[in-house]
Amino acid sequence: MRILYLNTTYSGGGAEKVTRQIYDGMKKRGHDVYEIVCYNRHGTVEDEHVHVLYNGTVGKVLMRLQTANRANEDLTISYAINYIEQFVKKHKIDLIHLNNPHDSFLGIRDIGKLTEWCPVVWTLHDFWAFTGHCAFPFGCDDRWKTGCTACEHLENYPRLRRDVCKKLFEYKQQYLCGKGIHFTVPSEWMKDQVKKSYLKNEKCTVIYNSLNIDQWKPLDKQITREKYDCVTEKFVLAFVAADMKIPQKGMNYLKEVLEQLDPEKYMLLIAGKCSDELNEVSKKFEIRNFGYIKEQEKMNEFFSMADVLLNPSVYETFGLVNIEAMASGTPVVAFDICVMPEVIGVEGGWIVKELSADALCSCLENLEKDRTEVEEKAETCVECVREYYDEEEMLDAFDRLYETIKKERQNGR
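According to the numbering used here, the sequence shown is numbered sequentially starting from 162.
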């Protein structure tokens, strides 16, 4: 089968990792795979089957001209949709698998137009498909369930310069419903949210995110810490965020936790784009910043150095870092929000009921005192990943779905 994957960026956070997994997995299974992305944040793209729409300085200028300086309110982005249409016809694409189309990659009407050429699978990594503009309805009263008539959080990603949420909400409902798009989501919790939206009558399948259980594995903490000069008797916390400035990642809770914990007993490892807000805290609290980590092996080592992953997110549809840490033998401490109880479970870590820094601190202090419990969870969290989040099972599920949808299209259903 000839499959075209679409995503805003080539590398970055969880959505990009999942897209790469599926792309590489289907390629190994003998499918002809291609990908078109809007832009690439890190490094270069060497795969000739991956096409970056806006490359280099000239490309970035073209993108801003095409999208009114990334206004995020376009019905159509002519350069992108015309490029994709020509590509689909030239390469005789059998199926399009859409991931993230937002942040001025595709216009709202463009997404519905994709179904005119071939079947479309759309994996929802966030809420953007059924809100007035945002990927995560953080800070509002879930008005997307009845209609986004106004928005007090235009700064939420992808940001808007003016409040056109009501119009965008109506356009999405018009151009995304009844087009035959088959949606997939990474959790039962996310499916429940879809069923509360105007997409409730669309086909939707749960396919858990996953990882390669042969590549992700527990590593010797002492050896790994020596390798990165992190030898310590302190209780080591890990924190991961592609961008800490995103409000739902819980940066405010992380900062409060670090201010309350005893710096003589704890150490923090950070992977991702660090925040200036931690500068003052780092004067007394030991923090090691590893920056953005692209390599899977290094990320595995990063998690293996920590005793626990501290994930203070307040909004998640899956949280790929959770299972990456668990597969590395590092259990997770997280709030009782959204999908966290479903993904982490009792085997993968500790779910903190109260949404506060005090509650997180209390949990971490108990674990620092009783490290036997942490060692026990370090074993059960690995078993949890192997049972529920095996990459091959995810690929099998998508393979079956692709075949089913292709046959339905051929039979006129």
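Ideal placement from N, C-alpha and C gives every residue a C-beta, glycine not left out.
Name, in chain order, the residues that DSSP records as bridge partners for residue i.
i    : result
T393 : T393 pairs with nothing; no bridge assigned.
I566 : The partner list for I566 (beta bridge, DSSP) is empty, contrary to what the question assumes.
D404 : K434
T218 : Answer is none; T218 lacks a bridge partner.
L372 : D551
V133 : The question about residue 133 has no answer, for the chain in this structure spans 162 to 574.
L470 : A399, V493
R163 : D193
Taking C-beta to C-beta, are residue i and residue j nearer than 8 Å?
i    : j    : result
K530 : G510 : no
W278 : V249 : yes
T228 : S265 : yes
F299 : V475 : yes
F344 : W283 : yes
N461 : W377 : yes
L214 : V198 : yes
I269 : L236 : yes
N261 : N168 : yes
L525 : L422 : yes
A241 : L275 : no
Y427 : K395 : yes
M187 : L481 : no
F479 : V513 : no
C309 : F288 : no
V179 : S348 : no
K352 : C365 : yes
H286 : N233 : no
I238 : L165 : no
K406 : P424 : no
P280 : K567 : yes
Which of helix, strand or coil does DSSP assign to residue i?
i    : result
K514 : coil
D193 : strand
F344 : strand
A311 : coil
N527 : helix
N168 : strand
V475 : coil
C522 : helix
R231 : coil
V198 : strand
V213 : strand
What's the C-alpha gap between residue i and residue j?
i    : j    : result
V206 : E515 : 43 Å
E540 : Y332 : 48 Å
A488 : K328 : 43 Å
F559 : G433 : 29 Å
A399 : L471 : 6 Å
T385 : V392 : 9 Å
Y414 : T565 : 45 Å
Q335 : M466 : 49 Å
I368 : E417 : 35 Å
V222 : V494 : 42 Å
S517 : V507 : 20 Å
H258 : Q457 : 24 Å
I454 : A403 : 9 Å
H252 : R163 : 8 Å
I374 : P492 : 16 Å
D551 : L372 : 6 Å
E447 : Y563 : 48 Å
A520 : R190 : 46 Å
L419 : V442 : 7 Å
C542 : E477 : 19 Å
L439 : V469 : 20 Å
C545 : P408 : 29 Å
V346 : L430 : 30 Å
R570 : F464 : 44 Å
H536 : A486 : First, the amino acid is wrong: residue 536 is Glu here, not His. In a straight line, the C-alpha of E536 is about 14 Å away from that of A486.
R231 : T533 : 51 Å
If you follow the beta strand (DSSP E) that residue i is in, where does it begin and where does it stop?
i    : result
W350 : From DSSP, W350 is part of no beta strand (DSSP E) but of the alpha helix (DSSP H) over 349-356.
M428 : 427-434
A495 : 493-496
C499 : Where C499 is concerned, there is no enclosing beta strand (DSSP E), given that its DSSP letter is neither H nor E.
L259 : 256-259
V281 : 281-284
T205 : It is not in any beta strand (DSSP E) - T205 carries neither H nor E in the DSSP assignment.
If you follow the alpha helix (DSSP H) that residue i is in, where does it begin and where does it stop?
i    : result
N483 : 481-488
R322 : Note, R322: premise wrong, no alpha helix (DSSP H); not H, not E.
T533 : 532-549
R449 : Where R449 is concerned, there is no enclosing alpha helix (DSSP H), although the beta strand (DSSP E) it sits in stretches over 448-450.
V442 : Premise fails: V442 is in no alpha helix (DSSP H) and is neither H nor E.
Y359 : Here Y359 belongs to no alpha helix (DSSP H), and DSSP marks it neither H nor E.
T385 : 382-388
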